[in-house]
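Structure first, then comments.
Numbering (this note's numbering), first residue to last: 3 to 145.
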(Lines of atoms letter the chains of each structure in order from A and count residues from 1; the text may use other names and numbers.)
(Lines give C-alpha, C1' and ligand atoms only; values in the text may rest on other atoms or scores of the structure.)
Protein backbone atom coordinates (compact mmCIF):
# COMPACT_ATOMS: atom_id res chain seq x y z
CA UNK A 1 0.00 0.00 0.00
CA UNK A 2 1.54 3.39 -0.95
CA UNK A 3 1.90 6.02 1.76
CA UNK A 4 -0.70 8.72 2.31
CA UNK A 5 0.61 12.25 1.99
CA UNK A 6 -0.74 15.34 3.71
CA UNK A 7 -0.29 18.30 1.39
CA UNK A 8 0.98 21.43 3.16
CA UNK A 9 -0.99 24.65 2.77
CA UNK A 10 -4.41 23.01 2.51
CA UNK A 11 -6.87 24.10 5.19
CA UNK A 12 -8.59 20.71 5.35
CA UNK A 13 -5.84 18.15 4.78
CA UNK A 14 -6.60 15.38 2.33
CA UNK A 15 -4.97 11.99 2.13
CA UNK A 16 -3.83 11.64 -1.45
CA UNK A 17 -2.86 7.99 -1.64
CA UNK A 18 -3.14 4.79 0.25
CA UNK A 19 -5.19 3.65 3.16
CA UNK A 20 -7.88 5.92 4.54
CA UNK A 21 -7.31 7.07 8.11
CA UNK A 22 -10.36 6.12 10.16
CA UNK A 23 -9.32 6.19 13.82
CA UNK A 24 -10.17 9.39 15.68
CA UNK A 25 -6.73 9.66 17.29
CA UNK A 26 -5.03 9.03 13.94
CA UNK A 27 -7.15 11.77 12.31
CA UNK A 28 -6.36 14.12 15.18
CA UNK A 29 -2.59 13.51 14.93
CA UNK A 30 -2.63 13.89 11.14
CA UNK A 31 -4.45 17.22 11.41
CA UNK A 32 -2.14 18.34 14.23
CA UNK A 33 1.01 17.58 12.22
CA UNK A 34 -0.49 19.39 9.25
CA UNK A 35 -1.04 22.49 11.40
CA UNK A 36 2.41 22.32 13.03
CA UNK A 37 4.58 22.14 9.93
CA UNK A 38 4.37 23.24 6.31
CA UNK A 39 6.60 20.31 5.28
CA UNK A 40 5.13 17.19 3.72
CA UNK A 41 4.06 14.52 6.20
CA UNK A 42 3.82 10.95 4.94
CA UNK A 43 1.19 8.93 6.75
CA UNK A 44 1.38 5.13 6.99
CA UNK A 45 4.78 5.15 5.27
CA UNK A 46 5.68 1.66 4.10
CA UNK A 47 8.76 0.55 2.25
CA UNK A 48 10.94 3.02 4.14
CA UNK A 49 12.27 0.59 6.74
CA UNK A 50 13.52 -2.96 6.16
CA UNK A 51 11.22 -5.90 6.93
CA UNK A 52 8.22 -3.92 5.61
CA UNK A 53 7.77 -2.00 8.86
CA UNK A 54 5.45 0.98 8.65
CA UNK A 55 5.95 4.44 10.14
CA UNK A 56 2.69 6.04 11.28
CA UNK A 57 3.79 9.58 10.38
CA UNK A 58 7.13 10.47 8.78
CA UNK A 59 8.52 13.93 7.98
CA UNK A 60 11.36 13.09 5.56
CA UNK A 61 12.87 16.59 5.42
CA UNK A 62 13.36 16.57 9.19
CA UNK A 63 14.38 12.94 9.60
CA UNK A 64 11.76 12.31 12.27
CA UNK A 65 8.75 10.03 12.59
CA UNK A 66 5.91 9.61 15.04
CA UNK A 67 4.39 6.31 16.12
CA UNK A 68 1.14 6.07 18.02
CA UNK A 69 1.08 2.87 20.02
CA UNK A 70 -2.52 3.18 21.12
CA UNK A 71 -2.91 -0.54 21.82
CA UNK A 72 -0.13 -0.44 24.38
CA UNK A 73 2.01 -3.46 25.22
CA UNK A 74 -0.56 -5.95 23.91
CA UNK A 75 -0.41 -4.72 20.31
CA UNK A 76 3.01 -3.02 20.33
CA UNK A 77 5.41 -5.11 22.47
CA UNK A 78 8.47 -3.24 23.76
CA UNK A 79 10.95 -5.53 21.97
CA UNK A 80 9.13 -4.94 18.67
CA UNK A 81 9.15 -1.15 19.17
CA UNK A 82 12.85 -1.12 20.10
CA UNK A 83 13.74 -3.20 17.03
CA UNK A 84 11.73 -0.90 14.77
CA UNK A 85 13.35 2.17 16.37
CA UNK A 86 16.83 0.71 15.74
CA UNK A 87 15.97 0.07 12.08
CA UNK A 88 14.74 3.65 11.75
CA UNK A 89 17.86 5.03 13.45
CA UNK A 90 20.03 3.12 10.94
CA UNK A 91 18.10 4.91 8.19
CA UNK A 92 18.70 8.30 9.86
CA UNK A 93 15.16 8.60 11.25
CA UNK A 94 14.43 9.42 14.89
CA UNK A 95 11.14 7.90 16.05
CA UNK A 96 8.98 9.48 18.75
CA UNK A 97 6.15 7.50 20.36
CA UNK A 98 2.90 9.26 21.26
CA UNK A 99 0.07 7.68 23.21
CA UNK A 100 -3.13 9.30 24.45
CA UNK A 101 -3.89 8.43 28.06
CA UNK A 102 -5.67 10.10 30.95
CA UNK A 103 -2.26 11.14 32.24
CA UNK A 104 -1.14 12.47 28.85
CA UNK A 105 -4.17 13.99 27.08
CA UNK A 106 -4.16 15.13 23.46
CA UNK A 107 -3.20 18.71 24.30
CA UNK A 108 -0.06 17.47 26.06
CA UNK A 109 0.83 15.27 23.07
CA UNK A 110 0.22 18.17 20.67
CA UNK A 111 2.50 20.47 22.67
CA UNK A 112 5.26 17.85 22.71
CA UNK A 113 4.92 17.15 18.98
CA UNK A 114 5.11 20.87 18.27
CA UNK A 115 8.27 21.16 20.40
CA UNK A 116 9.88 18.17 18.63
CA UNK A 117 9.04 19.44 15.13
CA UNK A 118 10.23 22.99 15.92
CA UNK A 119 13.55 21.67 17.28
CA UNK A 120 14.03 19.49 14.18
CA UNK A 121 13.22 22.46 11.91
CA UNK A 122 15.82 24.57 13.74
CA UNK A 123 18.43 21.82 13.30
CA UNK A 124 17.61 21.62 9.58
CA UNK A 125 17.90 25.39 9.20
CA UNK A 126 21.23 25.42 11.05
CA UNK A 127 22.54 22.63 8.79
CA UNK A 128 21.51 24.61 5.72
CA UNK A 129 23.21 27.76 7.06
CA UNK A 130 26.38 25.81 7.88
CA UNK A 131 26.42 24.26 4.39
CA UNK A 132 26.00 27.68 2.81
CA UNK A 133 28.76 29.18 4.97
CA UNK A 134 31.16 26.38 4.08
CA UNK A 135 30.43 26.90 0.37
CA UNK A 136 31.10 30.64 0.73
CA UNK A 137 34.35 29.90 2.56
CA UNK A 138 35.42 27.47 -0.18
CA UNK A 139 34.64 30.05 -2.87
CA UNK A 140 36.70 32.71 -1.06
CA UNK A 141 39.74 30.45 -0.77
CA UNK A 142 39.52 29.21 -4.36
CA UNK A 143 38.82 32.44 -6.23
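No residue lacks a Cβ here, since even glycine has one placed at the ideal position from N, Cα and C.
Being a predicted model, the structure only gives us computed values, none of them experimental.
Cβ neighbour criterion (16 or more within 10 Å) applied to residue i
i           : result
residue 99  : exposed
residue 104 : exposed
residue 58  : buried
residue 68  : buried
residue 54  : exposed
residue 143 : exposed
residue 82  : exposed
residue 138 : exposed
residue 45  : buried
residue 132 : exposed
Contact belief for residue i with residue j at Cβ below 8 Å, rounded distance in angstroms
i          : j          : result
residue 89 : residue 52 : 6 Å
Endpoints, alpha helix (DSSP H) assigned at residue i
i           : result
residue 103 : Per DSSP, residue 103 belongs to no alpha helix (DSSP H) and is neither H nor E.
residue 111 : 108-143
Residue i: first and last residue of the uninterrupted beta strand (DSSP E) it sits in
i          : result
residue 58 : 57-61
residue 95 : Note, residue 95: premise wrong, no beta strand (DSSP E); not H, not E.
residue 46 : 43-47
residue 69 : 66-70
Local conformation of residue i per DSSP, three classes
i          : result
residue 31 : helix
residue 81 : helix
residue 38 : helix
residue 51 : coil
residue 4  : Note that residue 4 scores a pLDDT of 46, beneath 50, so its modelled location is shaky and nothing firm can be said.
Nearest to residue i (by Cα), restricted to the options the options
i           : options           : result
residue 119 : 66, 81, 29        : 66
residue 95  : 64, 107, 28       : 64
residue 93  : 113, 80, 60, 36   : 60
residue 126 : 35, 41, 27        : 41
residue 1   : 107, 121, 136, 81 : Shown here, the chain extends from 3 to 145; a query on residue 1 therefore has no answer.
residue 49  : 70, 135, 86, 138  : 86
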